[in-house]
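J.: At position 337 of the sequence shown (counting the first as 1) the number is 337 in the working numbering, and the numbers step up by one without a gap.
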Amino acid sequence: MPLHLYWGPSLAADANIEHPTSNAQHPTKNTGAHSPAVRSTSTLAVERSAFDVRRECPPPPPPPPPAGLDALVRTGDRAFSPTLAGAPWGISLDTLPLEYPVHGTSDFREPALEVYQPANGSRILDLRYKTHRITPGKPALAGLPATFTRAGHTTDAETLTLVLADALTGLEVELLYTAFAAHPIITRSARITNHGKATLEIRRALSASLDFSTAHDGHQFIQLSGAWARERDVIATPLRQGRQTVDSRRGTSSHQQNPFIALAQHGTDENRGDVYAFNLVYSGNWMAQAELESARQVRAQIGINPFDFAWQLAPGDSFQTPEAVLVHVTDGGLGGMSRALHRFYRAHLLRGHWHDKPRPILLNNWEATYFDFNADKLEKIAATGAQLGVELFVLDDGWFGHRDDDHTSLGDWVVDRKKLPGGLDDLARRINAQGLSFGLWFEPEMISRDSDLYRAHPDWCLHVPDRARTEGRQQLVLDYSRAEVRNAIYDAIAKILRAAPIRFIKWDMNRHLTEVGSATLPPAQQQEVAHRFVLGLYEIMERFVTEFPEILFEGCSGGGGRFDPGILHYMPQIWTSDNSDAISRLRIQYGTSLAYPLSTLSAHVSAVPNHQVGRVTPMRTRGDVAFTGAFGYELDLGLLSDEEKNEVRRQIESYKKLRPLLLTGDLYRLISPFDGNRTESAWLVAAPDASEALVTHVTILAEATAPHRFLRLRGLDPTKTYRDTATGATYSGTLLQHAGLPIPAAKADYTSHQWHLVAVISEQ
Ligand code: DGJ
């Protein structure tokens, strides 16, 4: 996508308004001998060559702005929309599309920025256009995870930095827009600098605010909401006048809401419809909303949650907001939106050694043993895994301190010699001797009251003086805003990683934040702690991935409680949910896939009856459903029947062949487990060149005398013929697309079918 702020037909672009006092949050069209205060954000893009000082040749004349932009903006008097001071009659910020709105000067919608000025108590800002620049590539965002251009590929993207300033306070806002050449994506963030003489208090600084000038009632507001073990239900509601807001106040991105929203045209489905989506590269408190105002314009926003947030901005200091990822597909529907995000994240968010590598098939001992294990027991479980083809054994919670249950020892990252007398190094080598690599669980952000660390440093947890300390899962949260706390944890964990052959880390986080206060910050900065905690988290994660680049990190927060692009920047896969039941996972994985690539979804086969919901599902179905992610097992494979072991062996062989496709393929969701009476679900993963596809269909509830069913496929080449690798049957791509693949009648609930289709002949 070329750098162009006119972003699809619905994005407001400003009209031909000339008034020297125009508020530069909405800089108006460049009229030639203009004041720099009046310049159109849309014309900025087409004029870019004139400003590109790196060019050696005289720049070509700028192309004219796209015809018809003016018509998108309605001006003129509107009752109860006051005229902006100094502007011609009828120019009100209340009716104009704004790039970074503030409150208090005629716009009554939600602001993107609020700054309290202690000198006189004012919250008024008057941001005017100052300058702009367009640079190749994309700058890093200090201390924050962000999407990036690949090393040496500055042509992947270009960045517009639009600089606005408030003369009275000296506040400067740089709005960063990066457009990626190969993706329908723009990323946005804001950097706010205090060039004045007095400290200012930022009370709200969102990452992106986007005004649509065309009517948007009838659009769907789509959110991903849920709970522990029931993450990311897809919820769509019509936009209505007022605000629809989703957020987290829990200190993490949370199980309850995900930092993602989409606005979809009426009638949008998986394959059709115009969709805008917003995702935040952030793991702490966030907010996203859409506001439909009385003239049927919509303002969509995303950023750090203003709730309980404030930041003291001393003279000379800057505040960088997290990055928002904005995607627009003009007629690709929700499927097109997801594929755009997946491709973008695989290319420009995930990084490090493992981001594009097939992931090892792992065996995790959590649901096999919980806290009840010793070295011999673990070795035996691993040995069975090795015989069946597993590649990595992961030792979960309970290996340190004296942690025989979840009341104790977090923070004491020292091996429990009662359980593991030879230590971790000895256990890792015994596992390695089976032909498996070894991985380990940590929960680095937590501290138990019953720990040596807490006894030595009772002030190292988040807390508020003279107030009780609320516990979640019998534990407290370390104060990661403090460097000495992070350093101590880093040193303890890094010592273990340096000493034993550990190839995988599961990084868990099992409670949300309360009494969010820090012992070392002054009272005026206590509302910074939640954000400082996240910055501290990112700093320590960055240190780990830098010192241990070949370790595969898996994020986790009681399952999928922190499934967000911020974590994915450090950890290319996340344990999707503590609910490992295959039927529950249909919905959890479907919802998660709206925004996140399949390679990032960790999915395991576990025992039946399932430990979370008690459901009994066939081993085959459990495997088929878990295939759609970073695949593994979480049970004692030694307890399986021979028949089940054979099925596990088959699954592992099959996954090893299919994992390159699953890692890089395009997802097409075919039947939603959220639709109708929820009797089935289906999806396919197609190679980008349509040379092969893996199709999965799951029957949730079987039906007697069921009608003949066909599954219409997507993502295949209609000119190709496809062979089912299991049966040898062939089907034309056209037939699969228009008539569909015959679905065998299900003889029982919870049964599944998988087809691996490979293109054999081109018919043209
Ligand atoms: C929560 C995780 O999601 C589980 O997989 C497991 O690691 C437990 N924590 C261990 O306490």
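All C-beta atoms in this analysis are idealised placements derived from N, C-alpha and C, irrespective of residue type, glycine included.
Look at L206 and G303 and say whether their C-beta atoms are less than 7 angstroms apart.
T.: yes
J.: If we count the other Cβ atoms within 10 Å of its Cβ and call it buried at 16 or more, is G32 buried or exposed?
T.: Confidence at G32 is low in this model, with a pLDDT of 28, below 50, so its placement is unreliable and no value can be given for it.
J.: Taking all protein chains shown into account, decide if V698 is buried (16 or more other Cβ within 10 angstroms of its Cβ) or exposed.
T.: buried
J.: Considering only their Cβ atoms, is the gap separating V414 from F767 smaller than 7 angstroms?
T.: Given that the chain is displayed from residue 1 to residue 764, the structure contains no residue 767 and the question cannot be resolved.
J.: With DSSP collapsed to three states, give me the class of W507.
T.: strand
J.: According to DSSP, N766 sits in a beta bridge with which residue or residues?
T.: With the chain represented from 1 up to 764, any question about residue 766 goes unanswered, as that position is not in the structure.
J.: Give a single yes or no on whether D397 has its beta carbon closer than 6 angstroms to a heavy atom of the ligand DGJ.
T.: yes
J.: Do A167 and K130 count as a contact pair if the criterion is CB distance below 7 angstroms?
T.: The Cβ-Cβ distance between K130 and A167 does not fall below 7 angstroms.
J.: Do P322 and N194 have their C-beta atoms within less than 7 angstroms of each other?
T.: P322 is not a Cβ neighbour of N194, given a cutoff of 7 angstroms.
J.: Sorted by chain position, which residues of the same chain lie with C-beta nearer than 6 angstroms to I447's C-beta, five sequence neighbours on each side aside?
T.: L410, G411, L453, Y454, C461, L476, L478
J.: Compute the beta-carbon to beta-carbon distance between W755 and V685, rounded to the nearest angstrom, for a pair I have assumed lies under 8 angstroms.
T.: The pair is not a contact, with the Cβ atoms about 11 angstroms apart (cut-off 8 angstroms).
J.: Between which two residues does the beta strand (DSSP E) harbouring K130 extend?
T.: 128-136
J.: If you measure from the CB of D624, is any heavy atom of the ligand FAD nearer than 6 angstroms?
T.: The ligand content of the structure shown is limited to the ligand DGJ, which means the ligand FAD is not among them.
J.: Nearest to L280 by CA position, among A310, R511, S209, is which residue?
T.: S209
J.: Who does Q117 pair with in a DSSP beta bridge?
T.: Looking at the DSSP assignment, Q117 forms a beta bridge with S122.
J.: Helix or strand or just coil, what does DSSP make of F371?
T.: coil
J.: Quick one: is L701 buried, meaning 16 or more other Cβ sit within 10 Å of its Cβ, or exposed?
T.: L701 comes out exposed.
J.: My output table needs one value for P322: the three-state DSSP class, helix, strand or coil.
T.: coil
J.: Quick check: what's the CA-CA separation for T774 versus L395?
T.: The requested residue 774 is not part of the displayed model; the chain covers only 1 to 764.
J.: Just verifying my parser: in three-state terms, what is the DSSP assignment at P259?
T.: strand
J.: Roughly how many angstroms lie between the CA atoms of S254 and E158, to the nearest whole one?
T.: 32 angstroms
J.: Taking contact to mean at least 3 C-beta pairs separated by less than 8 angstroms, is the region 329-347 in contact with the region 556-564?
T.: no
J.: Quick one: does the C-beta of W507 sit closer than 6 angstroms to a heavy atom of the ligand DGJ?
T.: no
J.: Please name the residue or residues paired with L210 in a DSSP beta bridge.
T.: A300
J.: When you measure from the CB of W366 to every non-hydrogen atom of the ligand DGJ, does any distance come out below 6 angstroms?
T.: yes
J.: Say the cut is 6 angstroms; is the CB of D578 nearer than that to a heavy atom of the ligand DGJ?
T.: yes
J.: From the DSSP output, read off the bridge partner residues of Y175.
T.: It should be pointed out that residue 175 corresponds to Leu in this sequence rather than to Tyr. Bridge partners of L175: L162, A190.
J.: For G536 versus S481, is the C-beta distance shorter than 7 angstroms?
T.: Cβ distance < 7 angstroms, so G536 and S481 count as in contact.
J.: Shortest alpha-carbon distance to R503 belongs to which of L362, I567, D466, D581?
T.: Nearest in C-alpha terms to R503, of all of L362, I567, D466, D581, is L362.
J.: If you reduce the DSSP assignment to three classes, tell me which class H604 lands in.
T.: strand
J.: What are the boundary residues of the alpha helix (DSSP H) that P565 is part of?
T.: 565-568
J.: Considering Cα atoms alone, identify which of E542, R543, A494, Q474 is closest to H512.
T.: Q474
J.: On the DSSP bridge list, what partners appear for M446?
T.: V477
J.: Is there at least one Cβ from chain B nearer than 7 angstroms to V163's Cβ?
T.: This model lacks chain B altogether, as it is built from one protein chain only.
J.: Look up K656 in the DSSP assignment and give the residues it is bridged to.
T.: K656 pairs with nothing; no bridge assigned.
J.: Can you name the residues that DSSP bridges to G560?
T.: Partner(s): S557.
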